[in-house]
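Please read the structure below before turning to the comments.
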Amino acid sequence: MEEGRRNNKVWVTEEESTVDWRGRPSNPNKHGGMRAAAFVLGLQAFEIMAIAAVGNNLITYVINEMHFSLSKSANIVTNFVGTIFLLALLGGYLSDSYLGSFWTMLIFGFVELSGFILLSVQAHLPQLKPPKCNMVIDGEHCVEAKGFKALIFFVALYLVALGSGCVKPNMIAHGADQFNQTNPSQSKKLSTYFNAAYFAFSMGELIALTILVWIQTHAGMDVGFGVSAAAMAMALISVVSGTLYYRNKPPQGSIFTPIAQVFVAAILKRKQICRPISNPQMLNGKQNSVPNRSASASHLHSESGNVLHTQRFRFLDKACIKVQDGSNTKESRWRLCSVAQVEQVKILLSVIPIFACTIVFNTILAQLQTFSVQQGSAMDTQLTKSFHIPPASLQSIPYIMLIFIVPLYDEFFVPFARKFTGNESGISPLLRIGSGLFLATFSMIAAAVMEKKRRDAAVGSGEIISIFWITPQFLIFGISEMLTAVGLIEFFYKQSLKGMQAFFTAITYCSYSFGFYLSSVLVSLVNKITSSGSSRGGWLSDNDLNKDRLDLFYWLLAVLSFLNFLNYLFWARWHSNSSPSGTAQNEAVEAGELSHFSLMRLSKDVGDEDIP
């Protein structure tokens, strides 16, 4: 009974930290839950529908209408997509610090909508585009878009990037905020929400890559961009419709200032000698005792919430130690931080290696949205006598499969795996990410083998093979993305502490950004290296895939992907070993009595020396 009252108190505290649309404390009977999250899922489905229809067929538009070369067009697309995900950091920062998730989504949703409208206008008016020209037949004489025409195009494109980038992390964070993680029943629903979010993503992608791309191909890109604008308008209607049901987490002020304070305080106290003492007054913040069953974790409680103290990055621990000089002078916040502040910075540092290991994964994704579309254009796209498959629609293949796999995964696999692992998500996010990274290698192997077959047939006998030969690379990567993308978002959201959920979610999108930027660098670097000393040019220097060596480029990515997977295994093991275990955390939460506990007990192993 006592335990139940304690749990209810925790749940009430969590509800009091969230507010309704009027700023009043949220009511768990009226606000939050899957009902509220459903409106956010609607936003996600329509928004991804709008942006995917543009991004996945953009290379065709840039080549055929704006008359950029193949390599330059590929870089325009990857830079555009990379910028979207890099700007997710701005959206996460503004949300957590000043605006809150709801208002950030609403404001930048309208920015994105204005970009779609301007793109549609630019594609419709001939005076805003270079003269019509066939890049395949007469590419050397085609005039590339420059000056005012290029300016309008890039302004519209990057209005879309700014809006979409700032909306994306807040969709995930705001939807997840509708569930109280301290309530066991809602904590399980949180895992279901992440899978539902990927289902909504898959549905949006599928409609974009089939219906919307078909409209772009047959009715024109101006109509296609207009349909994207209409989809974005529906997204905004969906998120506004749920206003009365949301539980909102208020912004906490600048999230960077507390992080900077920890680093400054640790540097200023870097020469301080730490002796083993048991006086809890030395530490800035209250501490709870923990049964000494885990040498790697100690539970600390402060005004910012419950955190587990870890021994990793112990040089930062000095930031929360009070100076013992006999005076009662209050130290500046830039010299003395709370225990929770220090642990939050440790968490931020500890997730960086996991984040970095997904960059190569997203470099592979970039190829499926650029070169693989061009591969499809060089193949037989005829399905029936009167119907041809738009090459950009090839990317819909994995999503057709995923709209069936994702519900089955959540409904059957997760409960089955939960019986053996005890993990609410079935398998841990780290294991899910690793499985996806492993599969990504085989996607590039399949792509390399198929491209060699396509090129040999085209060059050797002039045969154009069916477009369905490239489906394996999309199928394999689809499953890989389901595992990696959802695992990464769940991992980062659950790692984040109070007030940083949107920013931590935004970090996951930066992986996409760096991956697409790395793709641009790799394309340019490979071209430069393989063209030096050769009269035939580089692997990707020609606009004709039959003259290029895209298959060798795919093999290079397969090798990089496998090496990246091995690197991930190292960092995942490091993170698991240095992080508090789930058992230790549960024990810590249950231990609620205040006692004399000192962070400096950890220095027993090093005597009177500085904390390393």
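Here our numbering = 1-based position in the sequence shown + 78. Ideal placement from N, C-alpha and C gives every residue a C-beta, glycine not left out. These numbers were taken from a predicted model, which means no experiment stands behind them.
Beta-carbon gap between residue i and residue j smaller than 8 Å
{"i": "PRO564", "j": "ASN157", "result": "Checking the displayed sequence, the identity of residue 564 turns out to be Val instead of Pro. Taking 8 Å as the Cβ cut-off, VAL564 and ASN157 do not qualify as a contacting pair."}
{"i": "ASN131", "j": "LEU290", "result": "Per the sequence presented here, residue 131 reads as Ala, with Asn not at that position. Yes. Within cutoff."}
{"i": "TYR276", "j": "ALA114", "result": "no"}
{"i": "PHE449", "j": "GLY170", "result": "no"}
{"i": "ILE523", "j": "LEU566", "result": "no"}
{"i": "GLY556", "j": "MET479", "result": "yes"}
{"i": "PHE439", "j": "THR586", "result": "no"}
{"i": "ALA278", "j": "ALA123", "result": "yes"}
{"i": "THR549", "j": "SER639", "result": "no"}
{"i": "LEU196", "j": "VAL245", "result": "no"}
{"i": "ARG594", "j": "VAL159", "result": "In the sequence under discussion, the amino acid at residue 594 is Phe, which differs from the Arg named in the question. Yes, Cβ-Cβ distance for PHE594 and VAL159 is below 8 Å."}
{"i": "VAL317", "j": "MET183", "result": "yes"}
{"i": "ILE542", "j": "ASP458", "result": "yes"}
{"i": "SER589", "j": "ILE437", "result": "yes"}
{"i": "ILE425", "j": "GLN259", "result": "no"}
{"i": "GLY514", "j": "GLU559", "result": "yes"}
{"i": "ASN248", "j": "SER179", "result": "yes"}
{"i": "MET34", "j": "GLU125", "result": "A query on residue 34 cannot be resolved here, the shown segment of the chain reaching from 79 to 690 and no further."}
{"i": "VAL451", "j": "THR138", "result": "yes"}
Three-state class that DSSP yields for residue i in the structure shown
{"i": "VAL97", "result": "strand"}
{"i": "GLN389", "result": "coil"}
{"i": "GLN339", "result": "helix"}
{"i": "SER147", "result": "coil"}
{"i": "GLY660", "result": "Any reading at GLY660 is ruled out, since the residue's pLDDT is 40, under 50, leaving its predicted position unreliable."}
{"i": "ALA375", "result": "Caution is warranted here: a pLDDT of 33 is assigned to ALA375, below 50, making its placement in the model unreliable, and no coordinate value can be reported."}
{"i": "ASN107", "result": "coil"}
{"i": "ASN645", "result": "helix"}
{"i": "SER367", "result": "A caution first: SER367 carries a pLDDT of 36, below 50, which makes its placement in the model unreliable, though a value can still be read off. Of the three classes helix, strand and coil, the one that applies to SER367 here is coil, per DSSP."}
{"i": "GLN452", "result": "helix"}
{"i": "SER544", "result": "strand"}
{"i": "GLU80", "result": "Low confidence applies to GLU80: its pLDDT is 45, below 50, so where it sits in the model is not reliable, and the reading given next is rough at best. It is helical."}
{"i": "ASN326", "result": "strand"}
{"i": "GLN264", "result": "helix"}
{"i": "GLN460", "result": "strand"}
{"i": "ILE154", "result": "helix"}
Closest by C-alpha distance to residue i, when choosing among the options
{"i": "MET310", "options": "ALA254, VAL189, ASP458", "result": "VAL189"}
{"i": "LEU314", "options": "PRO550, LEU119, GLN579", "result": "LEU119"}
{"i": "ASN135", "options": "THR270, LEU287, CYS220", "result": "LEU287"}
{"i": "ILE333", "options": "GLY298, GLN445, GLY577", "result": "GLY577"}
{"i": "LEU635", "options": "ASN605, LEU600, TRP649", "result": "LEU600"}
{"i": "PHE186", "options": "ARG325, VAL238, ALA526, SER474", "result": "VAL238"}
{"i": "SER464", "options": "HIS296, GLY178, LEU164", "result": "HIS296"}
{"i": "LEU235", "options": "PHE303, LEU486, ASP488", "result": "PHE303"}
{"i": "PHE546", "options": "MET127, ASP534, ALA525", "result": "ALA525"}
{"i": "GLU421", "options": "THR441, PHE391, LEU647", "result": "PHE391"}
{"i": "VAL417", "options": "ASP488, ILE337, SER455, PHE433", "result": "ILE337"}
{"i": "GLN453", "options": "GLY500, GLN551, ILE430", "result": "GLN551"}
{"i": "LEU461", "options": "LEU167, GLN445, SER544", "result": "SER544"}
{"i": "TRP633", "options": "ILE442, GLN447, GLY110, PRO485", "result": "ILE442"}
{"i": "LEU641", "options": "SER521, PHE516, GLN579, ASN605", "result": "PHE516"}
{"i": "PRO493", "options": "LYS266, HIS145, LYS108, TRP181", "result": "LYS266"}
{"i": "ALA254", "options": "LEU240, SER263, GLY241, SER269", "result": "SER269"}
Assumed close pair residue i, residue j - CB separation to whole angstroms, cut-off 8 Å
{"i": "PHE631", "j": "LEU623", "result": "11 Å between Cβ atoms; not a contact."}
{"i": "VAL340", "j": "LEU394", "result": "6 Å"}
{"i": "GLY225", "j": "THR161", "result": "That belief does not hold up - the Cβ atoms of GLY225 and THR161 are roughly 22 Å apart, past 8 Å."}
{"i": "MET649", "j": "CYS435", "result": "First, the amino acid is wrong: residue 649 is Trp here, not Met. That belief holds up - the Cβ atoms of TRP649 and CYS435 are roughly 6 Å apart, short of 8 Å."}
{"i": "ALA344", "j": "TRP412", "result": "11 Å between Cβ atoms; not a contact."}
{"i": "PRO468", "j": "TRP292", "result": "6 Å"}
{"i": "VAL97", "j": "ASN261", "result": "Between ASN261 and VAL97 the Cβ distance is about 18 Å, and since that is not below 8 Å, they are no contact."}
{"i": "GLN473", "j": "LEU446", "result": "6 Å"}
{"i": "PRO209", "j": "VAL221", "result": "6 Å"}
Unbroken alpha helix (DSSP H) run spanning residue i, endpoints
{"i": "ALA526", "result": "507-538"}
{"i": "ALA495", "result": "492-499"}
{"i": "ALA563", "result": "549-573"}
{"i": "SER609", "result": "579-609"}
{"i": "PHE188", "result": "179-202"}
{"i": "VAL233", "result": "225-254"}
{"i": "ALA307", "result": "299-319"}
{"i": "VAL401", "result": "That residue, VAL401, is in no alpha helix (DSSP H); it is neither H nor E in DSSP."}
{"i": "ALA286", "result": "It is not in any alpha helix (DSSP H) - ALA286 carries neither H nor E in the DSSP assignment."}
{"i": "PRO476", "result": "474-486"}
{"i": "LYS424", "result": "417-434"}
{"i": "GLN445", "result": "437-447"}
{"i": "ASN142", "result": "136-142"}
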